[in-house]
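Residues in the sequence shown are numbered from 31 upward in steps of one, following the numbering used here.
Note that beta-carbon positions come from the ideal geometry of N, C-alpha and C, so glycine has one too.
Here the structure is a predicted model, which means the values were calculated and not measured.
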Amino acid sequence: MSNRQLITYQESLNLDSTLYLDVRTPAEFEESTIPGAINIPIFTNEEREQVGTTYTQDSPAQARMLGVELVAPKLPELLKEIKSLTQDYKNTVVFCYRGGLRSESIISFCKLIGLSNIFKLEGGYKSYRHFIMDKLENYSLNGQLLVIHGFTGTGKTELLYKLQEQGLAIIDLEGLANHRGSAFGSIGLGKPTNQKHFDSLLWEKLEELSQAPLIAVEAESKRIGMSVLPEFFLEEMNQGIHILLQRSTEARIEQIYSEYSQSYQQDKSAFIERTLESIKAVKKYIIQKIGKNGYNKLIEHCQQGRLRKVIEILLTKYYDPMYNHSQQQHDDFSLIIQEDNLEKVTEEIMNFTANLSNNQ
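Below, the structure written as structure tokens:
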């Protein structure tokens, strides 16, 4: 393949109107891909395993022949689908895992049917992953983080989006991780984001907001669901401007209930089952706070569908004491807001950020 057809991920970012085609298996695609990429798998998961087994047990030549035999019947439909997809884009970047035969063969066939501006991603997904890891390891944030603290249930995520509506840049870290920071975790959200995909989404968001002087985020621990924040971001949060939001217990119970009530109403038994799993996963820690009898009562409330009662116990007996301990690490709040109405909270924070801008 000529160098003209090879392209690095960095170079591909300069292309106009680009489609990324991931020709790896559905399993590889599901694990992680370039955000926005479309999966057109050459092999099924099982077929790739067959080819790999033939490669190790027989020979590379036999594995390639098997690959041809498996792909040949699918080619007309594969190419028809690719041609349809590429019509909406000026450029197409094809990638497999290492930038080998899978992507190269598809590009060859695409050129045979007259498709132009088709590039192979040099090094494949593996090189893209190294690109992201390197960028995050050496990232330098231009602006400053506005870090919003508050007990579980203060509505920090909802507040972020209210601030965004008023023009403030935000990064919803829990949204990127597809995991809420409570016992309900990812209930109603699907699978939590894995580390590879989280890193990609975070880097893209940082690049999108690279010129923002101030970016609002929730205060988070290092781990969110299945994802871990990079060290530079933790340091940026530590050095950011810190705001503490305080709301009444009643308001926080209703906040959490409203966030999960739709999932609960859609499938009560499934919701209860997953909530029980989440509670049991931290059983020993809950027992340390409320004792065995309290834990058994909590399980009973959950089994009976008394969601508000479950939320109340978890908030007051489990999360609040934990937060009180972690909050001691931040006694330098630039603003403390005691207010149940999030509209008023939004207004106060926007006034605060306006004063920050005026004083700079």
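Check                                                                                                          : Outcome
Beta carbon of Val258 nearer than 8 Å to that of Val177                                                        : no
As assigned by DSSP and simplified to three states, the class of Phe301                                        : helix
Pairwise C-alpha distance: Met163 and Val98                                                                    : 34 Å
Within 8 Å, strictly: CB atoms of Tyr127 and Tyr155                                                            : yes
Three-state secondary structure assigned by DSSP to Ala199                                                     : strand
Cutoff 6 Å; reference Asn69; Cβ partners in own chain excluding five residues on either side                   : Asp52, Phe59
For Leu274: DSSP bridge partner residues                                                                       : His179, Ile366
Ser216 versus Pro90 - alpha carbon distance                                                                    : For Ser216, the predicted structure reports a pLDDT of 49, less than 50, and the residue's modelled location is therefore unreliable. The matter cannot be settled from this model.
Same chain, Cβ closer than 8 Å to Thr223, neighbours up to 5 away in sequence not counted                      : Leu206, Ala207, Asn208, His209, Leu231, Gly255, Met256, Ser257
Secondary structure of Ser216, DSSP reduced to three states                                                    : Confidence at Ser216 is low in this model, with a pLDDT of 49, below 50, so its placement is unreliable and no value can be given for it.
Residues that Lys150 bridges to, as DSSP identifies them                                                       : Leu36, Val124
Endpoints, the beta strand (DSSP E) within which Thr48 is located                                              : 48 to 52
DSSP-derived helix/strand/coil call for Glu248                                                                 : strand
Every unbroken alpha helix (DSSP H) within the region 75 to 100, with a cutoff of 4 residues, ordered by chain : 75 to 87
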